[in-house]
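Novice:
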Amino acid sequence: MVACSQTVTGTAQRAESEAVDATRSYGYVDDRCGLLDDSSVQETLGAAEVTRPYSGAVCQYILARRSGSGSSTTIDVTFSWFETGELERERRLAEARGAVITEFDVERHKAFSARRDTTGAACSVTAAAGTGVLSWWVQMRGQRTGDPCAEAQKLMAATLQSDL
33 MVACSQTVTG TAQRAESEAV DATRSYGYVD DRCGLLDDSS VQETLGAAEV
83 TRPYSGAVCQ YILARRSGSG SSTTIDVTFS WFETGELERE RRLAEARGAV
133 ITEFDVERHK AFSARRDTTG AACSVTAAAG TGVLSWWVQM RGQRTGDPCA
183 EAQKLMAATL QSDL
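Residues 33 to 196, numbered by the numbering used here, are exactly what the sequence shown covers, in order.
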């Protein structure tokens, strides 16, 4: 058996996703926000009820999640899309507001979470998409426990999977 090899210099770099469609609109269209309809948001977060009081470039949701004991947790959710935003700018703004930043990839898109608990456990996940940025913000109203970053990341993954 004969084999050959070649040594190259440099540092390995992770392949980055090219925009599926740089002109894709993630805004409010066909009664969906971020490519997700209300039932998808409700199912993703395991909520019993969902209300969307506002829709546009920013969409707001209020969800109710019931626990086994019968109590209910109110979850506030906001989706936003900046058609020409920059991920680095959004990260700097979140840091300036005192958020704890964690960087990662979601569906092969660069992203970060920004955790900042002010009026409840809250976190946003922001990802680069096309020529702009998408954000999902989740707050467990009045709660100090829970993982709103995981919830926001689920919504972002669902949005970016819808983009495929």
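Even glycine gets a Cβ: it sits at the ideal position worked out from N, Cα and C.
#1: Taking just the CA atoms, how far does residue 110 sit from residue 186?
#2: Which partner residues of residue 153 appear in the DSSP bridge assignment?
#3: Would you kindly check if the distance between the Cβ of residue 148 and the Cβ of residue 128 is under 9 Å?
#4: Going residue by residue through the region 67–123, where are the continuous alpha helix (DSSP H) segments of at least 4 residues, counting only ones entirely within it?
#5: What three-state label does DSSP hand residue 57 in the structure shown?
#6: To which residues of the same chain is residue 194 closer than 7 Å at the C-beta, ignoring the five residues directly before and after it?
#7: Sort 78, 164, 162 and 174 by Cα distance to residue 182 and report the nearest one.
#8: Following the continuous beta strand (DSSP E) through residue 163, name the residue where it begins and the one where it ends.
#9: When DSSP labels each residue in this structure, what does residue 139 get in the three-state scheme?
#10: I'd like to check one pair, residue 83 with residue 174: are the Cβ atoms closer than 9 Å?
#11: Taking contact to mean 3 or more Cβ pairs, one atom from each stretch, closer than 8 Å, check whether the region 83–102 and the region 130–149 are in contact.
#12: Output yes or no for whether 9 Å exceeds the beta carbon distance between residue 170 and residue 180.
#13: Taking the alpha-carbon positions, what's the residue 189 to residue 36 distance?
#14: How many whole angstroms separate the CB atoms of residue 132 and residue 159, which I take to be in contact at a CB cut-off of 8 Å?
#15: Once DSSP output is grouped into helix, strand and coil, what is the label at residue 36?
Specialist: According to the structure data:
#1: Here residue 186 refers to the residue found at position 154 of the sequence shown. Here residue 110 refers to the residue found at position 78 of the sequence shown. Approximately 13 Å, taken between the alpha carbons.
#2: Taking the sequence shown and counting its residues from 1, the one referred to as residue 153 is at position 121. Under DSSP, the beta-bridge partners assigned to residue 153 are 172.
#3: Reading the sequence shown from its first residue, position 96 is the one you call residue 128. Reading the sequence shown from its first residue, position 116 is the one you call residue 148. Contact: no.
#4: If one requires a minimum length of 4 residues, the alpha helix (DSSP H) runs lying completely within the region 67–123 are 70–76, in chain order.
#5: In the sequence shown, counting from the first residue as 1, residue 57 sits at position 25. The three-state reading of DSSP puts residue 57 in coil, since its state is none of H, G, I, E or B.
#6: The residue you call residue 194 lines up with position 162 of the sequence shown. Result list for residue 194: 67 and 68, in chain order.
#7: Here residue 182 corresponds to residue number 150 of the sequence shown, with the count starting at 1. Sorting 78, 164, 162 and 174 by C-alpha distance to the C-alpha of residue 182 places 78 at the top.
#8: Locating residue 163 in the sequence shown gives position 131, where the first residue counts as 1. Premise fails: residue 163 is in no beta strand (DSSP E) and is neither H nor E.
#9: By one-based count along the sequence shown, residue 139 stands at place 107. In the three-state reduction of the DSSP assignment, residue 139 falls in the coil class.
#10: For the purposes of this step, residue 174 is taken as residue 142 along the sequence shown, with counting starting at 1. For the purposes of this step, residue 83 is taken as residue 51 along the sequence shown, with counting starting at 1. No, the Cβ-Cβ distance between residue 174 and residue 83 is not below 9 Å.
#11: Segment contact: the region 83–102 against the region 130–149, fewer than three CB-CB distances shorter than 8 Å; contact not assigned.
#12: Translated into the one-based positions of the sequence shown, residue 170 becomes position 138. Translated into the one-based positions of the sequence shown, residue 180 becomes position 148. Their beta carbons are under 9 Å apart, which means residue 170 touches residue 180 by this criterion.
#13: To locate residue 189, count along the sequence shown from 1; it is residue 157. To locate residue 36, count along the sequence shown from 1; it is residue 4. Spanning the two alpha carbons is a distance of roughly 41 Å.
#14: Taking the sequence shown and counting its residues from 1, one reaches residue 132 at position 100. Taking the sequence shown and counting its residues from 1, one reaches residue 159 at position 127. Not confirmed; about 18 Å, so no contact.
#15: Along the sequence shown, read from residue 1 onward, the residue named residue 36 stands at position 4. Looking at residue 36 - three-state DSSP - the assignment turns out to be coil, as it is neither helix nor strand.
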